[in-house]
Structure formats: C-alpha cells, structure tokens
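Going from the sequence shown to the working numbering is simple: count from 1 and add 307.
Each residue gets a CB set at the ideal place from its N, CA and C atoms; glycine is no exception.
From a predicted model like this one, the values you see are computed outputs, not experimental measurements.
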Amino acid sequence: MFVAHVDAGSPADSAGLRPGDLVVALDGIPVAHWVDLDQRLQAEPNRTFKLTWKRATAGKTETMSAELTQVLRKHLDDYDHTP
C-alpha cells in the first residue's frame, strides 16, 4: 500500500512519512490492504501505533518506522462532508 498524500503537520508528516512510501506493517504485523490498516487504526483510535514503511532512495530501499498517535481532525472533503 503506497502513500498517496501526507497532510502537513499531521503525525505522519512529523514521523517523516512521504508520498510514494510503501506501508508494510502496523505494530509489526504486515499490512496487505488499506482496509486492513483502516480497520486496525479505527479499532483503537487513541492508542500509539508503530508504523513501518519502505522508501526507495538512490537505488536502495530503506526500511523506516515511527510511533504515531492518530489525531482527529475535522475538515471538509471535496463534497463538503466531514470525514
């Protein structure tokens, strides 16, 4: 599952996650699909998780990880709904 967008100032941004990174695990358990990641994150929205991802740079693949805590942010989407 590749990252398409990272909101500026978000926990993901602070951890160093960037568009194009490949999310590979949450708390050491592989993530095969975005639905799996979403369900696991929503099951415990206030807990700190360890996210692991891979990044291709200069012909090498680097594995990175960080501990992240979700932040509930209210904003309107393209259809004027709050997610």
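Cβ shell of residue i (< 8 Å), same chain only, five flanking positions each side left out
i	result
Leu348	Leu333, Phe356, Gln377
Tyr350	Looking at the sequence provided, one finds Ala at residue 350 rather than Tyr. Excluding sequence neighbours, Ala350 sits near nothing in its chain.
Strand pairing of residue i, partner residues [DSSP]
i	result
Met371	Trp360
Ala332	Pro337, Thr359
Whole-angstrom distance between residue j and residue i, CA atom to CA atom
i	j	result
His340	Ala365	27 Å
Asp343	Lys367	27 Å
Glu369	Val313	19 Å
Val310	Pro326	5 Å
Asn353	Asp345	14 Å
Leu375	Arg362	18 Å
6 Å Cβ shell around residue i - same chain, five flanking residues per side excluded
i	result
Pro337	none
Same chain only: Cβ atoms within 7 Å of residue i, ignoring 5 sequence neighbours per side
i	result
Gly323	Met371, Ala373
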